[in-house]
Amino acid sequence: MKIEVYFSVYHTLHNPPFELSRGKQQEYFENSQRLKNILKILEQDPEVFEIHPNFSTNVPDIKEVHSEKLLKFYAEISKYLSDDDYHIPDTFAVPKISLLPEDITKRSGYFCFDSATPITRRTFSASLNAASTVVKAARKILTDKNKIVYAAVRPPGHHAGKDYFGGYCYLNNSALGAHVLSKKGRVAILDIDYHHGNGTQEIFYDSDRVFFVSLHANPAYAFPYFWGYPEEIGEGPGEGWNLNIVLEDDADNRAYLQKLGYALDAISKKDIDYLIISLGVDTLFSDPVGGMMLTEHIFEEMGREISKLKLPTLIVQEGGYDLTQVGKCVLNFLTGFLG
Ligand code: SP5
Ligand code: ZN
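Residue numbers (our numbering): 27 to 365.
Written out as structure tokens, the structure is:
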């Protein structure tokens, strides 16, 4: 059995010089070397990984997931910025109000919720290319349900909401993929990134077509802080279709697998047709952004356990910032998934 890998070639266009986190200037953790390292490892086994570069930035139905104002803002700030420039919002709308300031460098604070997500001239292009790659990969699942497809993309997506961005994410890749699949059946999104996928949660919060299940570090002390609590269960028709499972930072392989078991149980109790995995490997002990204690071998077991759901599956890359281990963790996960 093979795994088809779709990758967003234009990801290198998004490479901000630094981020502001914890009030300090730091290296940009979500850099292009991450994806290069993942691909370098997968390319070594062409028998298993069939790699398809995606050059498109076309994302049909993008307006069904993201607001027109957000997309217009991205288009305008892309034109405003020159080649080597970068933009970090500095004034934020709290609470969210309905008027947008004219000044483009202040309008960003209406859509953005953190200071670690800079925008450059080509950020929107790179994000559209990532989103387009995931939509292509999702369509592949529709035409061939036996396929396992992995979307090797960046920037990541799970923190981006309908009308906002943050956490290194601009467009919600997994949500756009889920949107495509949800037209043909019920979808579960299993988010195993270290951080809560607040954007994905928000996009499907009132929907019973997409079951969002996230395993993540306790937001009482971990990013994104304001979302990810077990009380958030969905609303309206979506009540019972959102499941947050919280882990502590001392979580080791055993604790993690136990909670993953709860997540898989919950998914198998619903009538699901397609699975999307938001695959973050920032749960690794050595990750410079995440704080858990997992070792690289556990990713293989995670893949194996999830594959037992026996669903047509699209795996989408989210976080993972230990440059020396990110490729190995992804490889282990995919190998385990293949069985
Ligand atoms: C997709 C994803 O994983 N986004 C995560 C965004 C986390 N942003 C907060 C970054 C804080 C970085 N702090 C680094 C501490 C250095 N020891
Ligand atoms: Zn993360």
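Ideal Cβ positions, reconstructed from N, Cα and C, are used throughout, including at glycine. Values in this document were obtained by computation on a predicted structure and should not be read as measured data.
Query	Result
Test item: CB-CB of Val161 and Leu202 under 9 Å	yes
Alpha-carbon spacing of Ser153 relative to Phe33, whole angstroms	12 Å
Buried versus exposed, by CB contacts within 10 Å (16 or more), Asp170	exposed
The stretch 256-265 touching the stretch 317-334, judged by at least three CB pairs closer than 8 Å	no
Contact under 9 Å by Cβ, Gly183 with Ser200	yes
Own chain residues within Cβ distance below 7 Å of Phe191, not counting five before or after	Phe137, Cys138 and Thr143
Three or more C-beta pairs below 8 Å linking the stretch 277-289 and the stretch 250-261	no
Pro79 to Leu68 span [Cα, whole Å]	13 Å
Close Cβ partners of Gln51 (< 7 Å) along its chain, the five nearest in sequence each way excluded	Phe44
Simplified DSSP state of Phe311, which is helix, strand or coil	coil
Exposure label - Asp313; buried when at least 16 CB within 10 Å	buried
Beta carbon of Lys132 nearer than 9 Å to that of Ala214	no
beta-carbon His40 near ligand 2 non-hydrogen atom, thresh 8 Å	no
Status (buried if at least 16 other CB within 10 Å, exposed otherwise) for Phe249	buried
Neighbour-count burial assignment, Ile303, 16 or more Cβ in a 10 Å radius	buried
Assigned secondary structure, Pro263 (DSSP; H/G/I helix, E/B strand, else coil)	helix
Beta-carbon gap between Gly306 and Ile218 smaller than 9 Å	yes
Spatial distance of Ala101 from Asn224 (CA atoms)	24 Å
Distance between Asp110 and Ala292 (C-alpha atoms, nearest Å)	47 Å
Closer than 8 Å: Val315 CB and nearest ligand 2 heavy atom	yes
Contact test: Ser208 Cβ vs ligand 1 heavy atom, cutoff 8 Å	no
Cβ-heavy atom distance, His92 to ligand 2, below 8 Å	no
Check: Gly345 C-beta below 8 Å from any heavy atom of ligand 1	yes
First and last residue of the uninterrupted alpha helix (DSSP H) at Ala214	Here Ala214 belongs to no alpha helix (DSSP H); instead the beta strand (DSSP E) covers Val213 to Asp217.
Per-residue DSSP class, three states only, for Gln59	helix
Arg363 vs Ile341 beta-carbon contact at 9 Å	Residue 363 is actually Phe in this sequence, not Arg. Yes, the Cβ-Cβ distance between Phe363 and Ile341 is below 9 Å.
Own chain residues within Cβ distance below 8 Å of His37, not counting five before or after	Ser58, Leu61, Ala152, Asn155, Ala156, Val179, Arg180 and Pro181
Nearest to Ala277 (by Cα), restricted to the options Tyr300, Ala243 and Val356	Ala243
Residue ranges of each beta strand (DSSP E) within the stretch 145-217, 3 or longer	174-178 and 213-217
Residue burial classification, Val120 (beta-carbon count within 10 angstroms, cutoff 16)	exposed
C-beta atoms of Arg235 and Val206 nearer than 9 Å	no
Assumed close pair Ile114, Ser141 - CB separation to whole angstroms, cut-off 8 Å	6 Å
Euclidean distance between Cα positions of Ile88 and Phe238	19 Å
Any non-hydrogen atom of ligand 2 within 8 Å of Asp348 CB	no
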